[in-house]
Amino acid sequence: MAAFFAFTESLMLKLRTARGVPVRGELEPENAAAFDTLVQSGRPALFGTFHFGDSDLLGYLLGARGRRVAIVRLRVGNSTDTELLGRRFAGHVSFLWVNQPANLLFELKAALEAGESLAMKCDRLEFSAKAEPFQFLGARRLFPFTIYHLAVLFGRPVVFCLAWPGADRDQLRVRASPVFTPDPAADRAANLQAARAHFQGVLGQLETLVRQYPLLWFNFLPLNPESPSDAR
5 MAAFFAFTES LMLKLRTARG VPVRGELEPE NAAAFDTLVQ SGRPALFGTF HFGDSDLLGY
65 LLGARGRRVA IVRLRVGNST DTELLGRRFA GHVSFLWVNQ PANLLFELKA ALEAGESLAM
125 KCDRLEFSAK AEPFQFLGAR RLFPFTIYHL AVLFGRPVVF CLAWPGADRD QLRVRASPVF
185 TPDPAADRAA NLQAARAHFQ GVLGQLETLV RQYPLLWFNF LPLNPESPSD AR
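The opening residue of the sequence shown carries number 5 in my numbering; numbering runs sequentially from there.
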């Protein structure tokens, strides 16, 4: 019941935001300066997150700050919150649907080349073209890694953010990761190796918050499988 209540609270916050109620995102001090610099620069970027807390709203809040953001989402039959939020932030936010794979790669490329930023979740494997093992919750588990391949291919920075309820009803606490920027002087292999170290740090942040707020881990699926080479 407690987990259902936490999820309901998260959904209600989305619906209030779609109705026009302002939501304040309070950045945690760690990495805040680098994140703000990136957002204010207007430079197209790749914004990653996970099914944790109110992280769903971060793509829309970027739109509220004038960013043109294409949100990569799964189209489902009961996505009323997505539709309402899309109308609320029309002009700044668009959607790319992962369950239309025939169009997705073309649309990703078109959005990046048009100067849009992408917002995508990086914890579920169903529609991921690239997956690699990382340490998370006691084992080396497979996670989507596509966001970094896109970053290296298009020379875009990557930053992850997580959001969870703050002290007030319409306040979010937001934690940003360090910003990963591909090195144009390095080759693809070196950049991807640096990206792996970055993502492992991001997953460390996520694990800390999942252990602190387990009811806000809204990834209602079995844990990501262990890497076949690491599984006992």
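Beta carbons: idealized from backbone N, C-alpha and C, even for Gly.
- Separation of the CB atoms of F54 and L210 is rounded to 6 Å, and the pair is thereby assigned contact status at 8 Å.
- In terms of Cα proximity to L65, the closest of L116, L227, A167, D191 is A167.
- Within the DSSP secondary-structure output, M124 pairs in a beta bridge with G52.
- Between L100 and A118, the C-beta spacing is not below 7 Å.
- Exposed is the label assigned to R192, since fewer than 16 other Cβ atoms lie within 10 Å of its Cβ.
- N107 counts as exposed, since fewer than 16 other beta carbons sit within 10 angstroms of its beta carbon.
- Spanning the alpha carbons of A190 and L196 requires a straight line of approximately 10 Å.
- Each residue's CA atom was taken as its position, placing A37 and M124 some 22 Å apart.
- Taken through DSSP and simplified to helix, strand or coil, P218 comes out as helix.
- In the DSSP assignment, A135 falls outside any alpha helix (DSSP H) and lies within the beta strand (DSSP E) extending over 135-140.
- Excluding sequence positions up to five before and after R28, its CB lies within less than 6 Å of the CB of Q175, all in the same chain and listed in chain order.
- Secondary structure of L207 (DSSP, three-state): helix.
- Boundaries of the beta strand (DSSP E) around E30: 28-31.
- The C-beta separation of R160 from L154 comes to about 7 Å, placing the pair in contact by the 8 Å criterion.
- Counting only runs of 4+ residues, the alpha helix (DSSP H) found wholly inside the stretch 145-183 occupies 150-158, in chain order.
- Rounded to whole angstroms, the gap between the alpha carbons of F39 and V206 is 14 Å.
- R20: not part of any beta strand (DSSP E); member of the alpha helix (DSSP H) spanning 6-22, first to last residue.
- If you check the CB distance, R177 and G170 come in under 7 Å.
- With contacts defined as CB atoms closer than 7 Å, V102 and G67 fail to qualify as a contacting pair.
- Contact between L116 and D58 does not hold, since their C-beta atoms are separated by about 26 Å, which reaches or exceeds 8 Å.
- Take L220, set aside five residues on each side of it, and the residues of its chain with a beta-carbon closer than 7 Å to its own are A10, F56, G57, W168, in chain order.
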